[in-house]
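In the numbering used here, the protein residues as written are 548 to 706.
Right, here's the structure in full:
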């Protein structure tokens with residue numbers, strides 16, 4: 548409940564099962580708050596995996612922190628060109644990771660059992676991330692800063 552919107556986005560990205568190449572370089576640092584929550588999630592994922600195995604459920608529980616710093620940087624306002632320049636990932640991989648995080652944030656804003664505080668932070672994270680070249684109705688590499696206007700879906704998520 549104490550995470551800022553960009554930190555919530557980074558934590559949520561750990562649940563997307565986006566495995567980074569072992570030699571991938573990301574030139575951003577994940578905040579201590581995010582790392583603390585990710586450690587807690589790892590412990591819970593291990594407990595859940597154990598319980599599932601006992602019940603014969605073979606559904607993987609994955610917490611992958613490789614993209615945390617990238618998501619946190621983007622949600623904090625980093626520009627696309629700088630983001631691409633500060634990682635060895637290609638633009639398509641970055642785009643996919645960030646778009647999937649945007650969709651997860653959008654989902655969180657609509658879940659009725661999520662606290663209002665988390666919904667508000669998810670909506671703020673969504674607004675921060677849903678910008679050119681990732682914004683709804685914008686194709687990667689087409690348009691420019693003029694396409695950064697708020698989207699109808701983003702506005703609806705915050706109401």
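C-beta atoms are modelled at their ideal positions from N, C-alpha and C, and glycine is treated no differently. Everything numeric in this text was worked out from a predicted model, so none of it was measured.
- Boundaries of the alpha helix (DSSP H) around residue 649: 638-657.
- For residue 641, the closest of 654, 621, 653, 652 by C-alpha to C-alpha distance is 621.
- In this structure residue 672 is buried. Its beta-carbon is surrounded by 16 or more other beta-carbon atoms within 10 angstroms.
- If you draw a straight line from the Cα of residue 578 to the Cα of residue 651, it comes to about 20 Å.
- With contacts defined as CB atoms closer than 8 Å, residue 565 and residue 614 qualify as a contacting pair.
- C-alpha of residue 663 to C-alpha of residue 561: approximately 22 Å in a straight line.
- Contact check for residue 558 and residue 576: beta-carbon distance about 15 Å, past the 8 Å limit, so the pair fails to qualify.
- For residue 553, the closest C-alpha among the options 587, 625, 637 is that of 625.
- Shown here for residue 666: same chain residues with a beta carbon closer than 6 Å to its own, the five before and five after excluded, namely 656 in chain order.
- At a Cβ-Cβ threshold of 8 Å, residue 618 and residue 648 count as neighbours.
- Rounded to whole angstroms, the separation of the alpha carbons of residue 599 and residue 605 is 7 Å.
- Assignment of residue 577 by DSSP, reduced to helix, strand and coil, places it in the coil class.
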